[in-house]
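Numbering (the working numbering), first residue to last: 766 to 1130.
In this text, a Cβ means the ideal position worked out from N, Cα and C, and glycines have one as well.
Keep in mind the model is a prediction, meaning the values are calculated, not measured.
Worksheet: one structure, shown below.
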């Protein structure tokens, strides 16, 4: 039986098309996925992401514990409310999960885990705590939901419905968060646009959802979330990375601190790795198909593979993220196997679009 977020009834009232997403019944769209995509790039949209898991790490040893557990260096988080993106690795350097971590005080860090990997993550963290004989405590916050409000007008519309919170949260910088009453508000997101992720008790999130609807914030589903993040060059667990792929081959080297002296899980493997593949973007140069995950990319240095692909509403052409041989240079022309045909594509450096702007040279029609 599929799990349901506490906004499930609200999605059905709005006529959402519901799908199985990693064991959760989630809205893929509420009518036009393209309209939802454009709403976020041009105005504001909101996403129910309450299937993700809020996980608090507490105790005087919390920083010490996370210093070893995570690939990024927790010591970068010194200002209260500061956050960063990081990966949780296995000993081979493969990605068990990717996550955002928030520093709330010297005894509390908040971690947001992916829904499909949360149970595994927590079990492995429990095992690590036992091995290290750490005194940290864990709390899975299933009492909290998450609502993402994204787009160039996200701030204006959010403060319209939460004027009492604006005084404390209105000046939040990207990757910073603040607690104001029942609201945990972070200036983070997964779309490449300005916006917020709000964590709060279930009933508070329900009320906020309704208030934002009345303020004409467009409800958006997983379909638009995927095309938005792909345009923004953002990795998706299970697509761009998994336990067999290291951050160095997933375009996530910037989330790993290999320079400091601290040890962390997977560090030895990463130091020994000499990546033979690199992470790139692709623009389809020919009509006749759409780039999709697992299609083969043919280059003069050997084959690669698309990890995620779609038709981009912002660029109005097909785009993809891919792993190709390291010798392949940006600007090179490669071929992709699409329905038994080889179609030409140009290698580019992602992202394709962010903050309402196209960041790569589009294909001339």
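The Cβ atoms of residue 956 and residue 994 lie closer than 8 Å to each other. Contact annotation: residue 855 and residue 1041 have beta-carbon atoms that are not nearer than 8 Å.
Residue 1109 places its beta carbon 8 Å or farther from that of residue 1070. If you ignore the 5 residues before and after residue 967, its C-beta comes within less than 6 Å of the C-beta of 771, 910, all in its own chain and listed in chain order. For residue 943, the CB contacts under 7 Å within the same chain, skipping 5 residues up- and downstream, are 846, 933, 934, 937, 950 in chain order. A buried status is given to residue 990, since no fewer than 16 other beta-carbon atoms sit within 10 Å of its beta-carbon.
Between residue 818 and residue 880, the C-beta spacing is below 8 Å. At least 8 Å separates the beta-carbon of residue 1120 from that of residue 898. Within the same chain, and ignoring the five residues on either side of residue 1114 in sequence, the residues whose Cβ sits closer than 6 Å to its Cβ are 1095. Under the three-state reduction of DSSP output, residue 911 falls in the strand class. In this model, residue 864 and residue 876 are separated by some 7 Å (Cα to Cα).
Here the stretch 920-930 makes contact with the stretch 970-981; the two share three or more CB pairs at distances below 8 Å. Residues 1070, 1071 of the same chain have their beta carbon placed closer than 7 Å to that of residue 1059, with the five preceding and five following residues left out of the count. A distance below 8 Å separates the beta carbons of residue 963 and residue 912. Under the three-state reduction of DSSP, residue 1030 is assigned to coil, being neither helix nor strand. In the three-state reduction of the DSSP assignment, residue 782 falls in the strand class, which pools E and B.
In this structure, residue 786 sits near residue 987, with a CB-CB distance shorter than 8 Å. Burial state of residue 1056 is buried, judged by a 10 Å Cβ sphere holding 16 or more other Cβ atoms. From the listed residues 769, 809, 867, 803, the smallest Cα separation to residue 792 is found for 769.
Per the coordinates, the alpha-carbon of residue 920 lies some 33 Å from the alpha-carbon of residue 886. In this structure, the alpha-carbon of residue 828 lies about 8 Å from that of residue 840. Residue environment: residue 1019 is assigned as exposed (fewer than 16 neighbouring CB atoms within 10 Å of its CB, all protein chains considered). For residue 1111, the closest alpha carbon among the candidates 1105, 1089, 1122, 1104 is that of 1089. Shortest Cα-Cα distance from residue 820 to any of 1091, 1102, 874, 916 involves 874. In the DSSP assignment, the residues bridged to residue 1106 are 1103. By the 16-neighbour rule on beta-carbons within 10 angstroms, residue 915 is buried.
For the stretch 925-949, the full-length alpha helix (DSSP H) segments reaching 4 residues or more read 928-934 along the chain. In the three-state reduction of the DSSP assignment, residue 979 falls in the helix class, which pools H, G and I.
Here residue 804 has 810, 983 as same chain residues with Cβ atoms under 6 Å from its own Cβ, once five neighbours each way along the sequence are excluded. Scanning 802, 815, 766 for the CA closest to the CA of residue 971 turns up 815. In this structure, 1028 is the residue among 1028, 1024, 1086 with its C-alpha nearest to the C-alpha of residue 835.
Secondary structure at residue 1096: coil, using DSSP grouped into helix, strand and coil.
Judged by beta-carbon spacing, residue 1045 lies beyond the 8 Å limit of residue 1010, meaning their Cβ atoms are not closer than that value.
For the 8 Å CB-CB criterion, residue 1005 and residue 1015 form a contact.
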